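J.: Have a look at the structure that comes next, please.
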Amino acid sequence: MSVNNVSNTSTAAYTSSVYQNNYRYNTDTVKTDDKDKDKNQGVVYEKGTAASKNVYAKEDVVARMKKDAEDRTNQLRSLVQQMMGNQGGKIGQADDMWRFLAKGDFTVSPEVKAQAQKDIADDGYWGVNQTSDRIIEFAKALVGDDPEKAEQMRAAFEKGFKAATKSWGKELPSISQRTYDAVMDKFDDWAGVETKA
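If you want the working numbering, it's the position in the sequence shown, counting the first as 1, plus 206.
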């Protein structure tokens, strides 16, 4: 069974400016006598108004990301339920699933293990890079890519990370800690915070 049945489509739907020039050009000639006609013919510049409108499809991004997260979570839940079913366990709540995984008291088939290793590799869907990118993309979509709201989103992320740690029942695995660090660095970049090298 593959945890990666849903493709990761990452379309950029962030703010893009559309700039419209409303300049008008007048090429009418000025009426004068025939000998001065060539001197007075030309282009007259009349400045119009420039309109800038922001095109932003954050609802689409949020909906797409929620759907993707829901699909991936359901796939993971199904995988864990099958593992537990094979071992006589049953999941009653989401927290039970995380605690079951945290205990490590289960066996997996070689195929599931290979798929899981692929999924959590650096370039895998659940790897540090893609996961931290999705978290930041989601945060930006929620606030319209406004860097002034990055700290608000950082606080929400930290709260969520603490809740995940509580659900897990102990310290999260190292991949989660590395993802946390990557997300914090990306929040710094988004907010324009200088970090120590």
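Cβ coordinates follow ideal geometry from the N, Cα and C atoms, glycine included.
Quick caveat, the model's predicted, so the values are computed rather than measured.
#1: Do A397 and P353 have their C-beta atoms within less than 7 angstroms of each other?
#2: Give me the Cα-Cα distance between R384 and F367, rounded to the nearest whole angstrom.
#3: Would you mind stating whether A345 and M359 have Cβ atoms separated by less than 7 angstroms?
#4: Can you give me the Cβ contacts of A388 inside the same chain, cut-off strictly under 6 angstroms, excluding the 5 residues immediately before and after it?
#5: With DSSP run on the structure shown, which of helix, strand or coil describes E364?
#6: Mapping the DSSP letters down to three states, classify F312 as helix, strand or coil.
#7: Between F393 and the rest of its own chain, which residues show a CB-CB distance below 6 angstroms, the 5 nearest in sequence each way excluded?
#8: Does any residue of chain D bring its CB to less than 7 angstroms from the CB of D394?
#9: Could you compute how far the alpha carbon of E317 sits from the alpha carbon of E400?
#10: If I measure Cβ to Cβ from T371 and keep anything under 6 angstroms in the same chain, skipping five residues before and after, which residues do I get?
#11: With DSSP run on the structure shown, which of helix, strand or coil describes L378?
#12: Let's test the definition: count the other Cβ atoms within 10 Å of the Cβ of F312 and tell me whether it reaches 16, buried, or not, exposed.
#13: Measuring alpha carbon to alpha carbon, tell me which residue in L307, D351 and E265 is nearest S406.
#14: Following the continuous alpha helix (DSSP H) through A347, name the residue where it begins and the one where it ends.
#15: Take G375 as the anchor and find which of D302, K273, E276 and R340 has the nearest alpha-carbon.
#16: Which of helix, strand or coil does DSSP assign to V399?
#17: Once you ignore the five residues that flank G330 on each side, which residues in its own chain have a CB closer than 6 angstroms to its CB?
#18: Return yes when the Cβ of I381 is within less than 7 angstroms of the Cβ of I341, no when it is not.
#19: With a threshold of 6 angstroms on Cβ separation, who are the neighbours of W332 within its own chain once the five nearest residues in sequence on each side are excluded?
T.: Let me spell this out:
#1: yes
#2: 12 angstroms
#3: yes
#4: V334 and S338
#5: helix
#6: coil
#7: A356 and R360
#8: Looking at the structure shown, chain D is missing, and only one protein chain is on hand.
#9: 44 angstroms
#10: L378
#11: coil
#12: exposed
#13: Outside the modelled stretch of the chain, which goes from 207 to 403, sits residue 406, for which no answer is possible.
#14: V334 to V349
#15: D302
#16: coil
#17: K324
#18: no
#19: D325 and I326
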